[in-house]
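In what follows, a single structure is set out as structure tokens and then discussed.
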RNA sequence: GGAGAGGUGGCCGAGCGGCUGAAGGCACAGGUUUGCUAAACCUGCGUAGGGGCAACUCUACCGAGGGUUCGAAUCCCUCCCUCUCCGCCA
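In our numbering, the protein residues as written are 3 to 424.
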């Protein structure tokens, strides 16, 4: 959420930002309501002041035993006016807040302006794409031949786009999760968390999934709880409504969680095999930092996610999202895409974003700025480190042999307990 | 699911319907003083939103939302959350 005062004072910037994100929101109406609100406020506060003053007079009169009947009669009228004005004010504020929750975060000045994902810019590439002396297979063929993923029974048990990992395939998930968590904890200094996988509405609002993306979420209606679409939600919300100690910042958390996404409306596009699933595993990194360091922290975050791919020796490229591709809450975002030899394609395995104070304002997460003595909003960031299924795709496809087996990346061997999947 | 207790400032914790935006303590910041890894004393110190160039000033906030009243942290109603005990389950 953006501060109303900030919107008022930077209207053109906010308008331009929403436009560049291709997000429609009626900011002129918002400003109109803002003006109305302040007008009503001034009126009603003047009346309340009068009420407070006269009430004190009444108290004084009663103390000395005098009558205060005329004052009380007068205040009855004032009380009635206050009630009416308060009601009007509430109406204005309701509409105002509704619109305010739909105002997207402003893209950072460095984010490339664009109209579609075609305008995302290349940042860097790592590793080299290996030539194979045979035709590489897509991962679903490899997996089915090795009997490590059961696609069809996933549909039976739950529906399409649910799968079962089997045997060494299932163990591969555990191995990857442990490998990633260990790296972030031991090498990058994160604290490991294991949060709830269902969250309430307030939490979903705080990180910005609601109101915009409600249709993409699984909802347990009886309890009005959402299955998390990403570990970002429960982990960022750990500190909702808290004032963090300045000396405790930055706070770094990493967490494994499954992620649940309905992917409403996205059927038919890149959906084969493990590319797009309703349930998948992910290791997430979340940072709470001071505003002045957040863009440095974003670069660090990116490098920490890259570190996982480098350790697995998987070639990847980093792109920066243009404004049209930036999410509702993000100010700046890098995607990491891994190369998949079988699919002959780049697959997004990580998204590293700086939300600045957008989530912190919604979630009310602050810290005491020692320089100003004031409570200020922290900046929040998060990045995948990494999403598992597409990492698995890359491992299966890039490490496949012409016999149909898969060589296990060296860094993973001690976790998986074998150096080849056959 | 049943029974009970409770939600007050960064934290702990008082609070007869008007003198309580809120005692007291802790923490924190500044200062004085004493030389011994710190203490004592003094001062300051909630948040948000209006108005004003500013000094400043007004309003709101004691879990949330309603109600009663001239006036509510305090009385009434509804809801939410936490804790304890019982039941159920892993």
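Virtual Cβ for every residue (Gly too), placed ideally from N, Cα, C.
For residue j and residue i, the rounded distance between their alpha carbons
| i | j | result |
| --- | --- | --- |
| residue 380 | residue 290 | 6 Å |
| residue 179 | residue 38 | 53 Å |
| residue 81 | residue 58 | 15 Å |
| residue 55 | residue 67 | 19 Å |
| residue 60 | residue 41 | 29 Å |
| residue 5 | residue 109 | 15 Å |
| residue 305 | residue 214 | 30 Å |
| residue 222 | residue 136 | 48 Å |
| residue 218 | residue 264 | 5 Å |
| residue 70 | residue 90 | 30 Å |
| residue 202 | residue 185 | 30 Å |
| residue 227 | residue 378 | 30 Å |
| residue 78 | residue 208 | 41 Å |
| residue 206 | residue 278 | 22 Å |
| residue 155 | residue 124 | 39 Å |
| residue 31 | residue 98 | 8 Å |
| residue 116 | residue 21 | 10 Å |
| residue 157 | residue 293 | 46 Å |
| residue 149 | residue 231 | 28 Å |
| residue 339 | residue 312 | 12 Å |
| residue 86 | residue 7 | 26 Å |
| residue 73 | residue 376 | 42 Å |
| residue 100 | residue 403 | 56 Å |
Sequence-distant residues of its chain with Cβ nearer than 6 Å to residue i (five each side left out)
| i | result |
| --- | --- |
| residue 119 | 327 |
| residue 295 | none |
| residue 24 | 326 |
| residue 388 | 310, 351, 352 |
| residue 401 | 408, 409 |
| residue 63 | 70 |
| residue 147 | 406 |
| residue 424 | 407 |
| residue 322 | 123, 125, 336 |
Those residues which DSSP pairs with residue i across a bridge
| i | result |
| --- | --- |
| residue 384 | 288, 355 |
| residue 334 | 356 |
| residue 370 | 377 |
| residue 342 | 347 |
| residue 245 | 368 |
| residue 166 | 152 |
| residue 409 | 422 |
| residue 227 | 202, 222 |
| residue 207 | In the DSSP output, where bridge partners are listed per residue, residue 207 has none listed. |
| residue 283 | 260 |
Beta-carbon contacts of residue i that lie in its chain and below 7 Å, excluding the five residues immediately before and after
| i | result |
| --- | --- |
| residue 183 | 194, 256, 258, 285 |
| residue 121 | 114, 324, 326 |
| residue 354 | 300, 303, 304, 307, 335, 336, 385 |
| residue 1 | The chain is shown from 3 up to 424; residue 1 falls before or after that span and cannot be answered. |
| residue 237 | 195, 197, 255, 257, 286, 288 |
| residue 212 | 203, 206 |
| residue 262 | 220, 229, 230, 231, 280, 281 |
Residue i, enclosing alpha helix (DSSP H) - first and last residue
| i | result |
| --- | --- |
| residue 258 | Counting along the chain, residue 258 falls outside any alpha helix (DSSP H), though it belongs to the beta strand (DSSP E) covering 253–262. |
| residue 147 | 141–148 |
| residue 21 | 13–22 |
| residue 194 | Taken as a continuous stretch (DSSP letters only), residue 194 belongs to no alpha helix (DSSP H), being part of the beta strand (DSSP E) at 193–195. |
| residue 54 | 29–65 |
| residue 155 | 154–159 |
| residue 174 | 170–184 |
| residue 297 | 296–313 |
| residue 319 | Per DSSP, residue 319 belongs to no alpha helix (DSSP H); it is in the beta strand (DSSP E), 318–322. |
| residue 390 | 390–400 |
| residue 1 | The structure shown does not extend to residue 1, since the chain is modelled only from 3 to 424, so the question has no answer here. |
| residue 188 | From DSSP, residue 188 is part of no alpha helix (DSSP H); its letter is neither H nor E. |
| residue 238 | 234–238 |
Residue i, enclosing beta strand (DSSP E) - first and last residue
| i | result |
| --- | --- |
| residue 125 | 123–128 |
| residue 202 | 200–202 |
Own chain residues within Cβ distance below 8 Å of residue i, not counting five before or after
| i | result |
| --- | --- |
| residue 420 | 170, 410 |
| residue 151 | 142, 145, 165, 166, 167, 168, 171, 276 |
| residue 399 | 138, 139, 140, 141, 144, 342, 343, 344, 345 |
| residue 273 | 163 |
_With three or more beta-carbon pairs closer than 8 Å as the criterion, would you say the stretch 154–161 touches the stretch 171–182?_
no
*Contact the stretch 309–324 vs the stretch 377–393: 3+ CB pairs below 8 Å*: yes
_With a threshold of 8 Å, are at least 3 pairs of Cβ atoms found where one atom belongs to the stretch 234–244 and the other to the stretch 361–379?_
yes
*Count the C-beta pairs between the stretch 94–102 and the stretch 28–42 that are closer than 8 Å, then say yes if the count reaches three, no if not.*
yes
*Taking three-plus beta-carbon pairs below 8 Å as touching, is the stretch 126–143 in contact with the stretch 328–344?*
yes
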